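Asks: Okay, so the sequence shown: first residue is -3 according to the working numbering, each after it adds one.
Glycine included, every Cβ here is placed at the ideal spot set by N, Cα and C.
A quick note: this is a predicted structure, and the numbers were derived from the prediction, not measured.
Take a look at this one; I'll ask things after.
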Amino acid sequence: MEKTPPTSVSMPDEWCLRHFDHLSAELAATMPETMARMRELCPVARSEEHGGFWVVTRYEDALHVAQNWQVFSSAHGLNITRAPMRIRNLPVQADPPEQRIFKRLINPFFTPAAVAPWERPIRDLVNRLIDGFVEDGSCEFMAAFARPLPSLAFFELAINAPAEDLAKVAHLASRSATPDAPDAGECWRGLHEWVRDFTRRRRTEPPRGDVVDAVVRAEIDGRPITEEEIVGTVQLLILGGLETTAGALGLMVDRFCAQPEIPALLRARPELIPAAVQELLRLDSSFVAVGRTAVRDAVLGGHRIRAGDKVLIHWASANRDPGEFADADAFDPARERNRHLGFGVGPHRCAGSNLARLNLRVALEELLRRLADIRLAEGATVGYHRGLTRSPDALPITFTPGPRLAPAAS
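This is the structure:
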């Protein structure tokens, strides 16, 4: 078991108690330390920022809020964020029973059995990306690998979208989810328009048997699905399928740079990689937090929550709660019970978790096999995306140069 090396100090107690802001760059830089202090100081805190909201930091409270959808609703103001939203992202911005209708549309396409045939093409894609930089002995990992992999896999395998649109859509998804980005509103509109045009086109084409076909041809309570519902469902698939997996890859390699004994262990014992993926998702959650709205009065952590109050479930904090995880800051791939919340929990648990784990497992298997002595580039510092997701903004790394697997294109 390897301890997380100390990196920073937490935010001040006054900030934790009254001014917690999940959109702040300071929190992104100090997240493990600040959330540890929050769990100790104020497990359920009331922040005055963004009009006021509650922050839930411990595992059992997070589990309670996420599973108790009758009180803590996703349908009423899901996001505590500055980014404008044009339409509902479905099914995540709906409560049961409506939520279950949309979840049933997409779930069959992301079961373990459904994604298993994608392992070979994902491995080919992983090695194709590694071939692009392996001879150089260095790369900016987020741009060269972490962001392209889930985007390409999702476009090619899950939704059969045009490859030539990938760079545009990945940019729109990333920027629309970036707090305070000056073009966030424009990117939300652009993403909405792309999804609308793509799904309109797919309705006129022969079926391909994928999740997009299931959505555009669905019936909801005996009526045809509306265009707004189609766009909201496919838009959420894109947002969930690209940013969080890219962030998880970046955070994993960031940890490898800080703790080289972890990749050394996994190279020596590759059979540990599947369990290591789960443990790394627990330690460094890219899906950081999600919002709910209380629709009736409740008591949480000894505090009275009023109907209409916003509540932020902090998954990343819950995943480091020593009340649930022994030696919670340690990397332990042999952990006997790892009920981490890296994919959420309850009705809104991530539908694409099986695809994400497949991407992550295959990526680590090939990266560890082909890249030796991974290090952060000399003089580099890592900044982190802030908001409801977390990832390195950029991750310049060095490694021992290796051979390409495929011949260079002529």
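Flag this pair as yes or no: are the beta carbons of L121 and A149 separated by less than 9 Å?
Replies: Result yes, Cβ atoms of L121 and A149 sit closer than 9 Å.
Asks: Can you give the Cα-Cα distance for L13 and A41, rounded to whole angstroms?
Replies: Roughly 6 Å separates the two Cα atoms.
Asks: I believe V88 touches I155 by the beta-carbon criterion, under 8 Å. Please report the beta-carbon distance rounded to the nearest angstrom.
Replies: Not a contact, Cβ separation roughly 17 Å.
Asks: What are the boundary residues of the alpha helix (DSSP H) that I126 is part of?
Replies: From DSSP, the alpha helix (DSSP H) with I126 extends over 115 to 127.
Asks: Tell me whether the beta-carbon of M248 lies closer than 9 Å to the beta-carbon of L367.
Replies: It is not a contact, given that the beta carbons lie outside the stated cut-off.
Asks: Could you give the first and the last residue of the continuous alpha helix (DSSP H) run that contains C12?
Replies: Unbroken alpha helix (DSSP H) run through C12: 9 to 14.
Asks: What is the rounded straight-line gap between the Cα of R333 and the Cα of A271?
Replies: Cα to Cα, the separation comes out at about 11 Å.
Asks: Do P202 and E152 come within 9 Å of each other at the CB atom, strictly closer than that value?
Replies: It is not a contact, given that the beta carbons lie outside the stated cut-off.
Asks: Contact between the region 274 to 284 and the region 236 to 248 is defined here as three or more beta-carbon pairs at a separation below 8 Å; is this criterion met?
Replies: As far as the Cβ criterion goes, the region 274 to 284 touches the region 236 to 248, which means the pair count is three or higher.
Asks: Please state the DSSP three-state secondary structure of S313.
Replies: It is helical.
Asks: So A347 and I102 are in contact, right, with Cβ under 8 Å, and what is the actual spacing, rounded?
Replies: Right, their Cβ atoms sit about 5 Å apart.
Asks: Apart from the five residues just before and just after E407, which ones in its own chain have a Cβ nearer than 8 Å to its Cβ?
Replies: The structure shown does not extend to residue 407, since the chain spans only -3 to 406, so no value can be given for it.
Asks: Just confirm the distance between the C-beta atoms of H336 and N315, as a whole number of angstroms; I'd bet it's less than 8 Å.
Replies: That pair is a contact at about 5 Å.
Asks: Name the one or two DSSP bridge partners that I393 has.
Replies: DSSP output for I393 lists C135, L372 as bridge partner(s).
Asks: What is the DSSP secondary structure of T77, reduced to helix, strand or coil?
Replies: Note that T77 scores 49 on pLDDT, short of 50, meaning its location in the model is unreliable and no value can be drawn from it.
Asks: E131 to G398, Cα distance in whole Å?
Replies: Cα to Cα, the separation comes out at about 5 Å.
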